[in-house]
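**Q** Protein chains in written order, with numbering that gives the first Met the number 0: chain A, 0 to 423; chain B, 0 to 423; chain C, 0 to 337; chain D, 0 to 337.
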Amino acid sequence: MAPRPRSRLHVPHPPARPGDPVDFSYVRTSPAGEMPRPEVAAPVATLAPLANELVRVLGDDHRAVGAWDPHLEPDVLQVGLRHMLLTRLFDERMQRTQRQGKISFYMRSLGEEAVSVAQAMALRPGDMLFPSYRNQGIYMVRGRPLVDLMCQLLSNTRDMCKGRQLPVMYHWKDGNIFSISGNLATQFPQAVGWAMAAAIKGQDDVACAWIGEGSSAEGDFHSAMIFAEVYNAPVILNVVNNQWAISTFQGFAGGEQATFAARGPGYGIPGIRVDGNDFLAVYAVTQWAAERARTGSGPTLIEHVTYRAAAHSTSDDPSRYRPKDEYERWPLGDPVERLKSHLVALGEWSEERHAALAKELEEHVTKSWKEATKFGTLTEGPKLDPDLMFEDVYKEMPPHLEKQRAQLRAELAAAAAERGAERG
Amino acid sequence: MAPRPRSRLHVPHPPARPGDPVDFSYVRTSPAGEMPRPEVAAPVATLAPLANELVRVLGDDHRAVGAWDPHLEPDVLQVGLRHMLLTRLFDERMQRTQRQGKISFYMRSLGEEAVSVAQAMALRPGDMLFPSYRNQGIYMVRGRPLVDLMCQLLSNTRDMCKGRQLPVMYHWKDGNIFSISGNLATQFPQAVGWAMAAAIKGQDDVACAWIGEGSSAEGDFHSAMIFAEVYNAPVILNVVNNQWAISTFQGFAGGEQATFAARGPGYGIPGIRVDGNDFLAVYAVTQWAAERARTGSGPTLIEHVTYRAAAHSTSDDPSRYRPKDEYERWPLGDPVERLKSHLVALGEWSEERHAALAKELEEHVTKSWKEATKFGTLTEGPKLDPDLMFEDVYKEMPPHLEKQRAQLRAELAAAAAERGAERG
Amino acid sequence: MPKMNMIQALNSAMDIMLGRDPSVVVMGEDVGYFGGVFRTTDGLQRKYGEQRVLDTPISEQGIVAAAIGMGVNGLRPVAEIQFADYIYPGYDQIVSELARIRYRSASEFHAPVTIRTPCGGGIRGGQTHSQSPEAIFAHVSGVKTVMPSNPYDAKGMLIAAIEDDDPVIFFEPKRVYNGPFDGNPDQPAVPWSAHPKGEVPEGYYTVPLGKAEIVRPGSACTIVAYGTMVYVAEAAARAQGVDAEIVDLRTIAPLDVDTLFTSVKKTGRCLIVHEATRFGGFGGELSATIQEECFWNLEAPIARVAGWDTPYPHAFEWEYFPGQRRVGAALKALMEAA
Amino acid sequence: MPKMNMIQALNSAMDIMLGRDPSVVVMGEDVGYFGGVFRTTDGLQRKYGEQRVLDTPISEQGIVAAAIGMGVNGLRPVAEIQFADYIYPGYDQIVSELARIRYRSASEFHAPVTIRTPCGGGIRGGQTHSQSPEAIFAHVSGVKTVMPSNPYDAKGMLIAAIEDDDPVIFFEPKRVYNGPFDGNPDQPAVPWSAHPKGEVPEGYYTVPLGKAEIVRPGSACTIVAYGTMVYVAEAAARAQGVDAEIVDLRTIAPLDVDTLFTSVKKTGRCLIVHEATRFGGFGGELSATIQEECFWNLEAPIARVAGWDTPYPHAFEWEYFPGQRRVGAALKALMEAA
Ligand SMILES: Cc1ncc(C[n+]2csc(CCOP(=O)(O)OP(=O)(O)O)c2C)c(N)n1
Ligand SMILES: Cc1ncc(C[n+]2csc(CCOP(=O)(O)OP(=O)(O)O)c2C)c(N)n1
Ligand SMILES: [Mg+2]
Ligand SMILES: [Mg+2]
């Protein structure tokens, strides 16, 4: 007789570790164009398949197919391609400048550019974005000058954060982009609160928030879902499932037994699983979710199936925990290449135009960097006034901070005097 | 043209407030015996209907029907009836003693007795229970003398908590019942940790935890589900949906758009919605979930659909927020009456036997109370030694607590001397 | 002047602010239809509607986070945490987010959230309905932390807190909701109607945050207290016949050091009293700060009376509570030291 | 004697305890296969298997809660919180549960959990990788809070913490993981191999919790410090030519008052140094306690040097950090006061 099965601690294993052959058989995909596109006001219970299958528009032949095709004009697609490419080139350059010791830290979004770019494009400027640290593409779409982003990375005298935040923790009030936090997941329920306020005020805008699949294990995810459901808040909640959270794969966030999108229906919120590397599909589901939110049908949870092609950050070395060639074999391809091929297939793009665009953008990045470094770098040029350290803790500076500011001034003056004495 | 729909803040409304006619049309029930009983090792994906329908065994004719009938012997049912009735009579008496000022606080489980009693009976003594404050029935099943519970309620010299906890916050190491916390939801993920340890150690025991539907909005619920899914922990996670969380109805916990059981499948954990007032159904699903856990198939989420017939606690007056006659019209009836009627229908019980049992248990409660009060009450009799306040903060008392204990001793001695002087 | 207890005064503050400012919203567990477990929000939902006075799910994390999001979107949320003992699930949102948003965004964003929460013991609430966690907020730059001790201050400070563009943690010492409490549970309860601080204007007024109040002038020593302890300190000073100057701190952070320093420099002796556990409590900060500035004026060591360093035990409420006897003994020792 | 840096010493402590005691488990985000973002658990999963060294979901609440449940079921979990800045989501589980289980169950249940977490600044980590939140744990009765400052203590204290039947919050000042740091970022880094405290026995030993260490005897004043600040204090004292007695606190709670009192009674002057923000920080408790006992011996007010009361700003790391200059100035003022 076979021994009675027993409980044992299950430990999720990624399909492959360094040295193992890459295996993405666990990633369930659906053929492009196959998923129906329900009405935005359809009852949640009827939307279940969206959470388990994969919404895809771009087929292997690079054509857009099916009900989810957003039918975008070629010029819109070209803009999308430009933003994605700019994001990528910006990332590459900033990565290099970090390696050169010019900025202290950086995080790339390589391979995930479609998520930020397509989503930001599908939304209205008045919609409020609550990004994670890997959504720089939204800044490209909303048109923040690269110089401004670079000055933040440099913590220089034009740093929007006045030197207070790690690189990449941007914010942009006028662009309706909320301040990024180093604490994972905290902004997911804040976005819901923002959306609740929009609904209370009768505003027509929606909130849109991003979280990594790893971070979705935090309690904040649950708080966001509960509040979104209870108040039917006009919010789009995105889980960016890029398969990895530093060294742990998505199985450690609960992705082995169910999709992340599937959590939605559990709360009575539609969940959509989308090919995150398919610009058109991401655009389409975002449009659909925004329309739902804007017309009173409430929140949507979107899982973007994508892959973190880059290291987690400049402090990370992924070759320690995953095969080097995983990204090459990632079944959903590269978002930039896929949109490019689509445009080429449409006869609206070419290798030449692509190369020219890349060159133009490279130059833009280079020029912007030159401009940004004028305002100072980590090691050279003008520096932020340390007095700034004491500002904005409160709206008005309380006496104890004034006192500490004076103390620091004295300290720095003494140091300067000493250096002067040494030199003199 | 109709105005374009707009988002607005949805505010959940209970079906009825004081003065309104009771309306339980929102409670979806299924006929008894209708749900199939899948194999415990069935893939989660195939179990979806369990989360949305309602597992019921006892029909309106008081017969047990369907695949979920646990086929219990009449003597087992009689024991269940006894435990439920004892729980109810104990609750009633303690409620009265609180009204008389003899204990400071009490919480009844009226109307929900089947949940605790049937579940505890369906588990093994070695299984570890993590109850909420409304699970006193498990103490009846596991045989803790009433006197011990009463001494806790009285914070007297035999109080298992040594005077440190509010009434009802029992614990029982030898009975494998964990200490109740005043902080909602915290023990849900602890139960998962316990179960993980059981799996690590190769123990054959499972953990079982309860949470109110209102409390399931806390982040701890999510932590529990994530850890349970990731490690396939041998744990039963129960949401007791008794419709109310103090003054807010279950819609404020996310119950309007989906069942609480439905959250399970979102995490890849089976969810079962069960008639919480049907002793047999609760027993059966618990047995099923325990079997799953014990044989390595992992966690189960059970939603018990029941009704909090009593006030939230002795500090609460539900007539302020819900119709007085809601419980009378609760569609799932009274768990004690239903099991009783079933036994009568089986020819294994009678009104006479019931009355005799009630009398016996009443006397038992009375006798126990007399016994318990010998060890002191709030106002009279022996008192716990205040020195105990400083013990068990740490395993060994650190010097600063020794010092504080000495200080208190001096303070009390001075007070006693003063009182002596006044009297003398 | 109308008489109000503290609950009524707090209710009136929210009523007035809901009426004056359409961006004010009130939210929390059971605060809407029911009017709060202490009835502090009674009638507000009926008056201002469900879009302004919201019941919430039981998730302190969600409550704080939603309030932040609302604040960022231009509202002024007044969020209730049902008991201070239950604020911990929201602690991350408070420390990492609410307190930091203005700083990290260089004031582009801020969230003017007020978090009201009943604190303190003396109501037979056991360890999870009696805590005084002010110290763990005092230590957090970016939030203001206050604790009024009477109806007049409660109303004026709550209005000030709601109007403040910085986040405020607003502790309500629930033992004095209905009347001042001198630490003796056997004495008949005194209602606020019998106390001058129970006289509360109907209309709008503010009591500024960041200002302590000398509730009893004196010359022999300074007692620094807040919340319920103000009354215990008064009673103890009276019982000991010590001409103590009693400072009701009212705001814990930012601290009104001027009032403290002036008083201690004058009296030369200082006793600090709080309900929270002693070790690592806010009394340490008070003592250290006062000592740094007033050292040369001190005639005796600064003393502290506080809750014992144990959880708040249900059965030993009065042995635990830093009552008149304990405060009195400390006062006596303070006056005798030299 | 082998040389170890602090990471190696901590790794060795866990290695030894995993080897000695089958109930020890190590868990946390990225601690398993990867060996931790600071590599503190490197190699442990390979050696002891996945059932003993667990990667976890990103949920500090879940990590603490699961560790509690495991502890209640007889294991001794050593849980890592990746950065102390991320401990707040687990704060409720620590305060309301971990710290309380023994008390409320009258010792029927307890959870011998150790929570390791890297803290402190000086590594260009910005506001969310630099915090020193020890004060908010010091205030919690029922947990022990420690912060070793060197490899020898780190290993001995981690073993002691794991063996302790009470929960321990184990702060690791990450700036000194690789070598003592005197506060001057421009000086070449000193490795632990060049420091006597980098000599660490291979095998089992303990350094008791609750005991401070005099790391430099002296007679002119007492400097109380812990973590990275021990080295800054040493350097400042050297630079100022002050014969300071330096106490490395090591355990924050329960506090070794005897060592403190003896030292301050001897020297008559005291400076307290910590990285955490000043207001409401642990320095307040230290100052208050020392003052209460040593008042009559004090020749000058007890002084504090700490982080400014702002979030930890990325660009102003060295203007923020309480470095040699700030400590030196305070020391000078302390010695001149009279
Ligand atoms: C509360 C909290 N815990 C831990 C961390 C450390 N941390 C930073 S990023 C990261 C992984 C996040 O992974 P994921 O959410 O999947 O996002 P991705 O990096 O893949 O975009 C971790 C653990 C943190 N920043 N905040
Ligand atoms: C963390 C926390 N928040 C709030 C409370 C106050 N509180 C006690 S019971 C309760 C309602 C719980 O309702 P539910 O979970 O449905 O359980 P039920 O009382 O219906 O059994 C609330 C809000 C608490 N004890 N802990
Ligand atoms: Mg990820
Ligand atoms: Mg309930």
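A virtual CB, placed ideally from N, CA and C, is assigned to each residue, including glycine.
1) If we ignore side chains and look at the alpha-carbon of each, how far apart do Arg-237/D and Arg-268/D end up?
2) Gly-218/B and Gln-126/C: beta carbons closer than 8 Å?
3) Any heavy atom of ligand 3 closer than 7 Å to the beta-carbon of Glu-212/A?
4) Kindly list, in the order they appear in chain B, the residues whose Cβ is closer than 9 Å to that of Ala-292/A.
5) Starting from Met-388/A, follow the alpha helix (DSSP H) in both directions and report where the run begins and ends.
6) Would the beta-carbon of Phe-248/A be found less than 7 Å away from any heavy atom of ligand 6?
7) If I measure Cβ to Cβ from Gly-162/B and keep anything under 7 Å in the same chain, skipping five residues before and after, which residues do I get?
8) Would you call Ala-424/B buried or exposed, if buried means 16 or more other Cβ atoms sit within 10 Å of its Cβ?
9) Going by C-alpha distance, which of Ala-66/A, Ser-314/A and Pro-298/A is nearest Phe-37/D?
10) For the alpha helix (DSSP H) holding Ala-275/C, just list the boundary residues, first then last.
11) Nearest by alpha-carbon distance to Arg-107/A: which of His-311/A, Arg-123/A, Leu-407/A and Phe-23/A is it?
12) I want to verify the contact list: residues of chain A whose CB lies under 9 Å from the CB of Gln-50/D, in sequence order.
13) Using 8 Å as the limit for Cβ to Cβ distance, is Met-13/D near chain B?
14) Are there 16 or more other CB atoms within 10 angstroms of the CB of Ser-103/B, so buried, or fewer, so exposed?
15) Is the beta carbon of Glu-291/C sitting closer than 8 Å to the one on Pro-300/D?
16) Which same chain residues end up closer than 6 Å to Tyr-151/C when comparing Cβ atoms and leaving out the 5 residues on each side of it in sequence?
17) Between the region 137 to 145 of chain B and the region 218 to 234 of chain B, do three or more beta carbon pairs fall short of 8 Å?
18) From the beta carbon of Val-94/C, is the nearest beta carbon of chain D less than 8 Å away?
19) Return yes when at least one heavy atom of ligand 2 lies under 7 Å from the C-beta of Pro-172/D, else no.
20) Quick one: list the residues of chain C neighbouring Trp-193/A, beta-carbon separation under 8 Å, in chain order.
21) Less than 7 Å separating the Cβ of His-303/A from some heavy atom of ligand 1?
22) Out of Pro-321/D, Ala-159/D and Ala-329/D, point me to the one whose CA is closest to Val-241/D's CA.
23) Measuring only between beta-carbons, confirm whether His-128/D sits less than 8 Å from chain C.
24) Which whole runs of the beta strand (DSSP E) in the region 288 to 368 of chain B are 3 residues long or more, in chain order?
25) Contact criterion: CB-CB distance below 8 Å. Does Val-273/A meet it with respect to chain B?
26) Mind checking the region 107 to 131 of chain C against chain B and listing, in chain order, the residues whose C-beta falls within less than 9 Å of any C-beta there?
27) Between Phe-260/D and the rest of its own chain, which residues show a CB-CB distance below 8 Å, the 5 nearest in sequence each way excluded?
28) Can you tell me whether Leu-345/A is buried or exposed? The criterion is at least 16 other CB atoms within 10 Å of its CB, across all chains shown.
29) Could you list which residues in chain B have their beta carbon closer than 7 Å to that of Tyr-102/D, in chain order?
30) Three or more beta-carbon pairs under 8 Å between the region 136 to 150 of chain C and the region 92 to 103 of chain C, yes or no?
31) Taking the alpha-carbon positions, what's the Glu-38/B to Arg-123/B distance?
32) Given a cut-off of 8 Å, decide if Tyr-47/D and Ser-148/D are closer than it, judged by their beta-carbon atoms.
33) Should Leu-279/A and Pro-69/A be called a contact, given that it needs their Cβ atoms to be closer than 8 Å?
34) Mapping DSSP to helix, strand and coil, what is Met-159/A?
35) Which residue's Cα is closest to the Cα of Arg-51/C: Ile-57/C, Thr-40/C, Ser-58/C and Gly-61/C?
36) Please confirm if Pro-255/C has its CB atom under 8 Å from at least one CB of chain D.
**A** To lay it out plainly:
1) Locating residue 237/D in the fourth sequence gives position 238, where the first residue counts as 1. Locating residue 268/D in the fourth sequence gives position 269, where the first residue counts as 1. Going by the C-alpha atoms only, they are around 17 Å apart.
2) Taking the first residue of the second sequence as position 1, residue 218/B is located at position 219. Taking the first residue of the third sequence as position 1, residue 126/C is located at position 127. Not closer than 8 Å, so no.
3) As a working mapping, residue 212/A is identified with position 213 in the first sequence. Glu-212/A: yes, Cβ under 7 Å from ligand 3.
4) In the first sequence, the residue the question calls residue 292/A occupies position 293. Annotation: Cβ neighbours of Ala-292/A in chain B (cutoff 9 Å, chain order): Ser-6.
5) Taking the first residue of the first sequence as position 1, residue 388/A is located at position 389. Where Met-388/A is concerned, there is no enclosing alpha helix (DSSP H), given that its DSSP letter is neither H nor E.
6) Within the structure as shown, ligand 6 is missing, the only ligands being ligand 1, ligand 2, ligand 3 and ligand 4.
7) As a working mapping, residue 162/B is identified with position 163 in the second sequence. Same-chain partners within the cutoff: Ser-154, Leu-383 and Leu-387.
8) This structure does not reach residue 424/B, given that chain B is present from 0 up to 423, and the question cannot be answered.
9) Looking up residue 37/D in the fourth sequence gives position 38. Among Ala-66/A, Ser-314/A and Pro-298/A, the Cα nearest to that of Phe-37/D is on Ser-314/A.
10) Along the third sequence, one-based indexing puts residue 275/C at 276. Run containing Ala-275/C: none in the alpha helix (DSSP H); it sits in the beta strand (DSSP E), 269 to 276.
11) Sequence index remark: in the first sequence, residue 107/A carries index 108 (1-based). Closest by alpha carbon: His-311/A.
12) By 1-based counting over the fourth sequence, the position of residue 50/D is 51. Near Gln-50/D (Cβ distances below 9 Å), the residues of chain A are Arg-7, Leu-8 and Val-10.
13) In the fourth sequence, counting from the first residue as 1, residue 13/D sits at position 14. The beta carbon of Met-13/D sits no closer than 8 Å to any beta carbon of chain B.
14) The residue labelled residue 103/B in the question sits at position 104 within the second sequence. With 16 or more Cβ atoms within 10 Å of its Cβ, Ser-103/B is classed as buried.
15) The count along the third sequence starts at 1 and reaches residue 291/C at position 292. The count along the fourth sequence starts at 1 and reaches residue 300/D at position 301. Yes, the Cβ-Cβ distance between Glu-291/C and Pro-300/D is below 8 Å.
16) Working through the third sequence from its first residue, we reach residue 151/C at position 152. Within the same chain, Tyr-151/C has close Cβ partners Lys-196 and Val-199.
17) Flag = no, the region 137 to 145 of chain B and the region 218 to 234 of chain B do not touch.
18) Locating residue 94/C in the third sequence gives position 95, counting from the first residue. Among the residues facing chain D, Val-94/C is included, as its CB has a counterpart in that chain under 8 Å away.
19) Your numbering for residue 172/D matches position 173 in the fourth sequence. No, ligand 2 has no heavy atom inside 7 Å of this Cβ.
20) Position 194 of the first sequence, counting from 1, holds the residue named residue 193/A. The answer, in chain order, is Gly-68, Met-69, Val-71 and Asn-72.
21) As a working mapping, residue 303/A is identified with position 304 in the first sequence. No, the Cβ of His-303/A stays beyond 7 Å of every heavy atom of ligand 1.
22) As a first step, residue 241/D is located in the fourth sequence; it is residue number 242 there, counting from the start. Comparing Cα positions, the closest option is Ala-329/D.
23) As a first step, residue 128/D is located in the fourth sequence; it is residue number 129 there, counting from the start. With a threshold of 8 Å between beta carbons, His-128/D makes no contact with chain C.
24) Restricting attention to beta strand (DSSP E) runs no shorter than 3 residues, the region 288 to 368 of chain B encloses them at 299 to 304, ordered along the chain.
25) Along the first sequence, one-based indexing puts residue 273/A at 274. Residue contact check for Val-273/A against chain B: no CB pair falls below 8 Å.
26) Contact annotation: in the region 107 to 131 of chain C, residues whose CB is within less than 9 Å of a CB in chain B are Arg-123, Gly-124, Gly-125, Gln-126, Thr-127 and His-128.
27) Along the fourth sequence, one-based indexing puts residue 260/D at 261. Around Phe-260/D: Ile-289, Glu-292 and Cys-293.
28) On the first sequence, residue 345/A is found 346 positions in, with the first residue counted as 1. The residue is exposed, with fewer than 16 neighbouring Cβ atoms inside 10 Å.
29) In the fourth sequence, residue 102/D corresponds to position 103, counting from 1. Going along chain B in sequence order, the residues near Tyr-102/D (Cβ under 7 Å) are Arg-163, Asp-391 and Val-392.
30) Judged by Cβ distances under 8 Å, the region 136 to 150 of chain C makes contact with the region 92 to 103 of chain C, as three or more pairs qualify.
31) Counted from its first residue, the second sequence places residue 38/B at position 39. Counted from its first residue, the second sequence places residue 123/B at position 124. Cα to Cα, the separation comes out at about 20 Å.
32) Reading the fourth sequence from its first residue, position 149 is the one you call residue 148/D. Reading the fourth sequence from its first residue, position 48 is the one you call residue 47/D. Result no, Cβ atoms of Ser-148/D and Tyr-47/D do not sit closer than 8 Å.
33) On the first sequence, residue 279/A is found 280 positions in, with the first residue counted as 1. On the first sequence, residue 69/A is found 70 positions in, with the first residue counted as 1. Contact: yes.
34) As a position in the first sequence, residue 159/A is number 160, starting the count at 1. Reduced to three states, the DSSP call for Met-159/A is coil.
35) Stepping through the third sequence from its first residue, residue 51/C is reached at position 52. Just measuring C-alpha positions, the residue of Ile-57/C, Thr-40/C, Ser-58/C and Gly-61/C sitting nearest Arg-51/C is Thr-40/C.
36) The residue you call residue 255/C lines up with position 256 of the third sequence. Here the sequence assigns Asp to residue 255/C, which means Pro is not the residue at that position. For Asp-255/C, the nearest beta carbon of chain D is not closer than 8 Å to its own beta carbon.
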